[in-house]
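Undergrad: For the protein sequence lines, the chains are A, B and C, in the order given.
Using the working numbering, you'd call the opening residue of the first sequence number 282 and step up by one each time.
Using the working numbering, you'd call the opening residue of the second sequence number 124 and step up by one each time.
Using the working numbering, you'd call the opening residue of the third sequence number 43 and step up by one each time.
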Amino acid sequence: MKRTLPQSFVLYSGLVVVLLIIGLPFWWVITGSIKVPREIIARVPTMFPQSFTLQHFEKLFQSTDFPAYLVNSIGVALFSTVITVALALPAAYAFFRMRFPGRAALYRLILLAYAFPTIVVLIPIYGFFAKVGLIDTRTSLVIINVAFALPFSIWMMRSFLSTVPREIEEAAVIDGAPARVILLRIMAPLIAPGIASVAIFTFIASWTEYLFASVLIVSDARRTIPVGFAGIIGQYQIDWGLLLAGATAATIPVVILFAFVGRWFVSGLTEGAVK
Amino acid sequence: MKVGLLTIAGLTSILMSSAAFAEPVSLTLWHMEQPPHRVQRMQELLDEFNKAHPDVQVKQEPQSWGEIYAKAPAAFAAGTGPDMLFAIPDFTTVIKGIDAVVPVDDLAKDLDAKHGFVPATIAPYQYDGHTWAIPAYNMAISMWYRNSALKEAGIEVPKTWSEWKAAAEKLSKDGKYGVGLPANKQLYTDQTVYALMVNGGAADIYNEDGSISFDKPETVASFEAYGELQKLSPPDSTSWTWGEAEACFASASCGTILQFSVINTYETQAEADAADLGVAPVPHADGQSESGTISYSNAIMLTTKDEAKQAGAKVFLAWLMEPANYGRFLTMEPGLFLPVTNDGAEAESFWSDPIVTKYKSQVETMVANAKNGKLFGFTTGKVFPSIGAISGQNVIAESLQKMVVDGQSAADAVKFGQEKMSEIAGK
Amino acid sequence: MTSPRLAFLFVTPALLFLAAVLGRPLLQAVVLSFQNVGVIGTTGSWVGFENYATILGNTAFWNAFGRSALWVFANAVVQTIMALGVALLLNQKFPGVRIARTWIILTWIVPTVVVVIIWRWLLSTSGGMINPLLIQLGVIDRPVGFFATREGAMATLVMINSWRWFPFTALMMLAGLTRIPGDLYEAARIDGAGAMKRFTRITWPLLQPTLLVLGIVGTLLSFNVFDVIWLVTAGGPSQATQTLPVLIYETAFKGYRLSEAATISVLTSILLMTFALLATRAMTASEEAR
């Protein structure tokens, strides 16, 4: 399978465009975070830094608890992801394969979670969480993140299940395997891409969630990265250097994390068993 | 099992009895001074206070202005609200509306007798027969410029709108903008537009009876003047908040801007030559003779129904307003937060801050400007609940956008504002 | 093939969780819509359908509805084109394809608050790179304000939002693409089908299930995008970007009319659910057709 010259041209120029669209803003932000303040806001901006300073990062780490925010964010995102996958997989399988009354209706009903603007449930949820003592806990964020990731996850996994050849499953049923075993031993590996995509979705959604984290968390030590970042934006004054350092610091950890697990995720996503 | 229960019972009684002796009151303070250096300074002050007052322990929980309008009412409704809460005048009306704030009449009186409140700072919190919060710091908008730039262009510091416009036109060259005025649907635009309205004789937006008096020739003239100046502003000014205006000034792209303070940014992000930084009152309408401005008195509300806590909070607030402590509180953001008391305006702890010392003359001008400060909805001594929503929905800024973005006439834009405000007030 | 009891065992944990966390608040919002509560935390009295009459007769609601429809449509078009293009590129074999597939999601892992600040800075005339870049490319001859006109503001917000979301869509599409058996293409090639024909006959139809789920859930998710709009324009200039979520937020938390906000939400969700039901019906129909 050889590409013709025009095909190669389209492929590589397309890749360059994508690289620029994604990469340029990151380049500007990361290089901006090491420029001196005057260069950051200069009327004629510089593509390559003319100055070098670590003062913004020093300020960031001296005066904020960024490492704590980071630990909170990673913890919340990981727990949310694991719980979501654990709840969504059996539910998706039941919705896909099993017969029970109200199946179709329930399957659609769960989408209601997205049909309601989240800001409206914010206040009742606050009241409810206050009653059960969950305000200012990281658990509350995990609960919220799972709730909002579940419907999509169930839908997405079901769509992946629907592509598994029926014969494979039927063979297992004839062998007399119980549903739990079919799901975990046979179906789960087959829909690894589905699980991977649901996991990525939940992880990132939890990692970036802002609204609930800003309202449900009260004390500084339990803040997540987005809320901690918002905290360094002053109401009347903006320290752009500090913000760029914060933006860099908010991005780098996931990038590092992703450098380790990303390959696994993506290969799970794109190299499923069906070939 | 039994032993365990007994131990717990014993422990509880010990804990309870020691509590009965010491009775330390712990207080939670919510403020919106979230930038890290402000939190740090606040913590230093709290540590000092807590050490000196073992019976009253105050802890801070910084929040953000973005969410507090939703978060605080939700927290009070759920019983998890703070004991003290920072406020600006319109926020107080909201918290008062849900009955979560307690009056501080006596404390305000005592502190006034002791330190002398600047009238413009406490007035927005005095209505319905009570004082609803203790002013903490003041902020007022001034006009900022560079002496060298004016000199180079051969112009004086503008005092009237037409002088300002002429100056801005002269300063607009080589890709620079003579003036930077925002037109975003955001609080900053409310503030800058109102700063011109105050200087055009349109300070009152309410009539005595609570009906809206926004639509009048003075407001229209102020909008027209603002529109003329806005045309000379950078093209991105329709999405500006305070930060962008400051950056524009700091990078010398904008010749003049209206801001509470640019000192910190000028010091850290620009040339930091104190002698070159100019500050003046906001120019007034050609027919007027003196300048006023918009001022935001930030205050602290008492939001606990518990009397022991109220007493503790009063001890803390009185301590905070002591000149020896108060100046250090103000300089958590040096050159931005201005004193609300006469004592504070003279406090050594305020003027000895390195930044304040370096920009002494500018800070003096700011303090002087702030004395003539007014705030929309809080000018007549009567406060109507609808100001919360008028302020919250940035109706003034929205009206301005009708003119700047939609190209309507100033009269039509002001008429839109009048209608929208009346609709809100009627609800 | 399996007993309903087992099915319930599979399905109830997730459903109970959802009902416990979201069920009550949703019900409460419906209750609120029949009351006249103003500020959060206060109580109100029953007013029946009064709020509904007010809202349905309110031009602000219908305008916001129109803008929401435009927002969803524009985002869908921009993101689908960008994402499909990227997914097709990444489905090729070239050196470094694994790295590209991994790092494509870079923009999506950045929290929205950070995205907003980055773009506010990049689009500004004080230190922003976009204006100088466009001037150098010869697209414009002097700095422009991206939010200075109604259309410009909407278009710029759609671009910012799409910049953040298209990698996610692309990745989901890529997952769908890789599940298309390679021998189908081989067979088509042997039959002499060109690239275009292979796309319309194989790629597109087999991508349908993924696209439909993405289309339905994506529409709902993008409809509810609030923070990007709120943090950049707050619905301005002159209400040009005031979509329904922005209107709801403003009504509830800035206008202190919580019940009216709840009413708009209920109406919004009826609308969205109707859309979702119609779309799922189409999806089931297409699934059964195959």
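Glycine residues also receive a C-beta, built at the ideal position from the N, C-alpha and C atoms.
Remember, predicted model here, so these are calculated numbers, not experimental data.
Which of the three DSSP states, helix, strand or coil, is assigned to B:Thr-426?
TA: B:Thr-426: coil per DSSP, three-state reduction.
Undergrad: Assuming B:Ala-512 and B:Met-526 are in contact, meaning their beta carbons sit under 8 Å apart, how far apart are those beta carbons, in whole angstroms?
TA: Contact doesn't hold; Cβ gap of about 22 Å is too wide.
Undergrad: What residue range does the alpha helix (DSSP H) around A:Met-437 cover?
TA: Its alpha helix (DSSP H) spans residues 419-442.
Undergrad: For A:Ile-322, count the other beta carbons within 10 Å of its own beta carbon; 16 or more makes it buried, fewer makes it exposed. Which is it?
TA: Answer is buried; the Cβ neighbour count reaches 16.
Undergrad: Give me, in chain order, the residues of the same chain whose beta-carbon lies closer than 7 Å to that of C:Gln-286; leave out the 5 immediate sequence neighbours on both sides.
TA: Here residue 286 of chain C is Leu; the residue named in the question, Gln, does not match the sequence. So the qualifying residues of the chain are Ala-106, Phe-107, Ser-110, Ile-306, Thr-310.
Undergrad: Under 7 Å between beta-carbons, which chain C residues line up against A:Tyr-517? List them in chain order, please.
TA: Going along chain C, no residue has its Cβ under 7 Å from A:Tyr-517, so there is no contact; the nearest lies around 16 Å.
Undergrad: I'd like the ranges of any alpha helix (DSSP H) spanning at least 4 consecutive residues and lying wholly in the region 408-481 of chain B.
TA: If we require 4 residues or more, the alpha helix (DSSP H) runs fully inside the region 408-481 of chain B come out as 430-443, 446-453, 465-469, 471-474, 477-481.
Undergrad: Please classify C:Pro-223: is it buried, with 16 or more other beta-carbons within 10 angstroms of its beta-carbon, or exposed?
TA: Classification for C:Pro-223: exposed.
Undergrad: Give the residues from the region 212-235 of chain C that approach chain B closer than 9 Å (Cβ to any Cβ), ordered along the chain.
TA: Those residues of the region 212-235 of chain C that come within reach of chain B (Cβ to Cβ, closer than 9 Å) do not exist; the list is empty.
Undergrad: How about the region 390-404 of chain A and the region 62-70 of chain C: do they share at least three Cβ pairs that are nearer than 8 Å?
TA: These segments touch.
Undergrad: List the DSSP bridge partners of B:Tyr-311.
TA: Note: B:Tyr-311 sits in no beta bridge, so no partner.
Undergrad: Please classify B:Thr-379: does DSSP put it in a helix, a strand, or coil?
TA: Note: B:Thr-379 maps to strand in three-state DSSP.
Undergrad: Closest to B:Gly-450 by CA distance: which of B:Val-479, B:Ile-423, B:Lys-432 is it?
TA: B:Gly-450 has its Cα closest to that of B:Val-479, out of B:Val-479, B:Ile-423, B:Lys-432.
Undergrad: Just to confirm my understanding: we take C:Phe-188, look at its own chain, exclude 5 residues before and 5 after, and list those with CB closer than 6 Å. What are they?
TA: Excluding residues within five positions, the ones whose Cβ falls inside 6 Å are Leu-165, Gly-194, Thr-198.
Undergrad: In this structure, how does DSSP classify B:Leu-150 when only helix, strand and coil are distinguished?
TA: Note: B:Leu-150 maps to strand in three-state DSSP.
Undergrad: Identify, in the order they occur along the chain, each residue of the same chain with its Cβ nearer than 8 Å to the Cβ of B:Pro-477, setting aside the five sequence neighbours on each side.
TA: Taken in chain order, the residues that qualify are Pro-457.
Undergrad: Could you tell me how far apart the beta carbons of C:Thr-167 and B:Ser-376 are, in whole angstroms, since I believe they sit closer than 8 Å?
TA: Right, the Cβ-Cβ distance comes to about 6 Å (below 8 Å), so this counts as a contact.
Undergrad: DSSP puts C:Asn-105 in a beta bridge; with which residues?
TA: DSSP, once it has assigned bridges, lists no residue as partnering C:Asn-105.
Undergrad: Take the Cβ of A:Phe-290 as the centre, count every other Cβ of all protein chains shown within 10 Å, and call the residue buried at 16 or more, exposed below.
TA: Classification of A:Phe-290: exposed, given that the 10 Å Cβ count is below 16.
Undergrad: Is the beta carbon of B:Leu-234 sitting closer than 7 Å to the one on B:Val-302?
TA: Their beta carbons are not under 7 Å apart, which means B:Leu-234 does not touch B:Val-302 by this criterion.
Undergrad: Please state whether DSSP places C:Phe-210 in a helix, a strand or coil.
TA: Three-state DSSP puts C:Phe-210 in a helix.
Undergrad: Quick check on the burial criterion: 16 or more other C-beta atoms within 10 angstroms. Buried or exposed for C:Phe-115?
TA: Exposed: under 16 other Cβ atoms inside 10 Å.
Undergrad: What residues of chain A sit near C:Asn-78, judged by a beta carbon separation below 9 Å?
TA: By Cβ distance, chain A contributes nothing, its closest Cβ being about 16 Å from C:Asn-78, past 9 Å.
Undergrad: Helix, strand or coil, according to DSSP, for C:Ser-87 in the structure here?
TA: Coil, per DSSP.
Undergrad: Opposite B:Val-265 in the DSSP bridges: which residues?
TA: Note on identity: in this sequence residue 265 of chain B is Ser, with Val being the wrong assignment. Answer is B:Gln-382.
Undergrad: At least one CB of chain C closer than 7 Å to the CB of A:Ile-424: is that the case?
TA: Answer yes: the Cβ-Cβ gap between A:Ile-424 and chain C drops below 7 Å somewhere.
Undergrad: When the Cβ atoms of the region 247-267 of chain C are set against those of the region 434-448 of chain A, are three or more pairs found closer than 8 Å?
TA: Yes, since at least three Cβ pairs between the region 247-267 of chain C and the region 434-448 of chain A fall closer than 8 Å, the two stretches touch.
Undergrad: Going along chain A in order, which residues have a C-beta closer than 8 Å to the C-beta of B:Glu-369?
TA: Those within 8 Å of B:Glu-369 in chain A are Gln-518, Ile-519.
Undergrad: Between the Cα of B:Ala-534 and those of B:Phe-372, B:Thr-379, B:Ala-493, B:Thr-342, spot the shortest distance and give me the residue it belongs to.
TA: The shortest C-alpha separation from B:Ala-534 is found at B:Thr-342.
Undergrad: Kindly indicate the opening and closing residues of the beta strand (DSSP E) around A:Tyr-350.
TA: Looking at the DSSP string, A:Tyr-350 is not in any beta strand (DSSP E); the run it does join, the alpha helix (DSSP H), is 347-378.
Undergrad: Can you pull the chain A neighbours of B:Asn-387, defined as C-beta to C-beta under 8 Å?
TA: In chain order: Gln-518.
Undergrad: Who are the Cβ neighbours of B:Phe-372 in its own chain at under 7 Å, not counting the five residues just before and after it?
TA: Excluding residues within five positions, the ones whose Cβ falls inside 7 Å are Trp-267, Gly-303, Ile-380, Val-385.
Undergrad: Check whether the Cβ of A:Tyr-407 lies closer than 7 Å to any Cβ atom in chain B.
TA: Yes, contact with chain B.
Undergrad: Any C-beta of chain B sitting closer than 7 Å to the C-beta of C:Val-89?
TA: No, because no Cβ of chain B sits closer than 7 Å to the Cβ of C:Val-89.
Undergrad: Can you pull the chain B neighbours of C:Ser-168, defined as C-beta to C-beta under 7 Å?
TA: Residues of chain B passing the Cβ test: Glu-367, Ala-370, Cys-371, Ser-374, Ser-376.
Undergrad: What are the boundary residues of the alpha helix (DSSP H) that includes B:Lys-543?
TA: Element bounds for B:Lys-543: 533-549.
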